[in-house]
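Structure, as structure tokens:
Numbering (this note's numbering), first residue to last: 85 to 309.
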């Protein structure tokens, strides 16, 4: 039996077609993550991914990839072979550096700062912790955390700062309103629980101690950047 025939048999109970499997898989390969509350299109992708979850897990595992499903946060994240995410990915997997996404130093530092602020928000609770498990911060809190905890400033120019925020949004680490402005002191950034899958507690501890860890590796099509 061919893989295509086997896939069609797996899809039959769900009523989904082979091209939908290809579309969901391509999205995960390109972005590394599908989050249900991102937008309507991504919600449909997530819902269909749930309907074919077992098939997707088998499909990616054939190539050594690991598909993680956070049912509480309603997102799927795809990890490349050897990705290290304690408590999520298999401990026995060997790193595959060539498959690491090329992330800017600014992105890595910002992700670490967001992870610190997320953990802080969980511990403090209150109005800054939403029912969806997001932690609300202001832009100046991100800047201050980068400076005080990681000894690293935000990019100097507004255009570079905007680019960094877009990169964080594309990786589904933050969510902002359509009217968000960095100059608005009351504007809020929502740190999503997806941050837990890219920055581990160990990586954060190393960074706060003066080291320079990288986020866990993901699969990502550089053309999508």
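Each residue gets a CB set at the ideal place from its N, CA and C atoms; glycine is no exception.
Relative to residue 93, the option among 195, 109 and 139 whose CA is nearest is 139.
Closest option to residue 134, judged by alpha-carbon separation, among 99, 275 and 90: 99. Under the three-pair Cβ rule at 8 Å, the segment 184-201 does not count as touching the segment 143-154. Taking the Cβ atoms as the reference, residue 257 lies roughly 7 Å from residue 282, within the contact range of under 8 Å. Between residue 269 and residue 224, the gap from beta carbon to beta carbon is short of 8 Å. Contact between residue 162 and residue 197 fails: their C-beta atoms lie close to 24 Å from each other, not under 8 Å. Residue 89 has its alpha-carbon roughly 47 Å from the corresponding atom of residue 213. Going by DSSP, residue 226 is part of the alpha helix (DSSP H) stretching over 223-233.
Boundaries of the alpha helix (DSSP H) harbouring residue 94: 87-95, taken from the DSSP string.
For residue 237, same chain residues with a beta-carbon under 7 Å away, outside a window of 5 residues either side, are 230 and 231 in chain order. If you ignore the 5 residues before and after residue 91, its C-beta comes within less than 8 Å of the C-beta of 102, 105, 139 and 143, all in its own chain and listed in chain order. For residue 119, no alpha helix (DSSP H) run applies; the uninterrupted beta strand (DSSP E) run containing it begins and ends at 117-119, by DSSP. Rounded to whole angstroms, residue 109 and residue 152 show a C-alpha spacing of 13 Å. In this structure, residue 120 and residue 127 form a Cβ contact; the two beta carbons are roughly 5 Å apart against a cut-off of 8 Å. Residue 146 carries a coil assignment under DSSP once its states are collapsed to helix, strand and coil. As a beta-bridge residue in DSSP terms, residue 219 pairs with 213 and 275.
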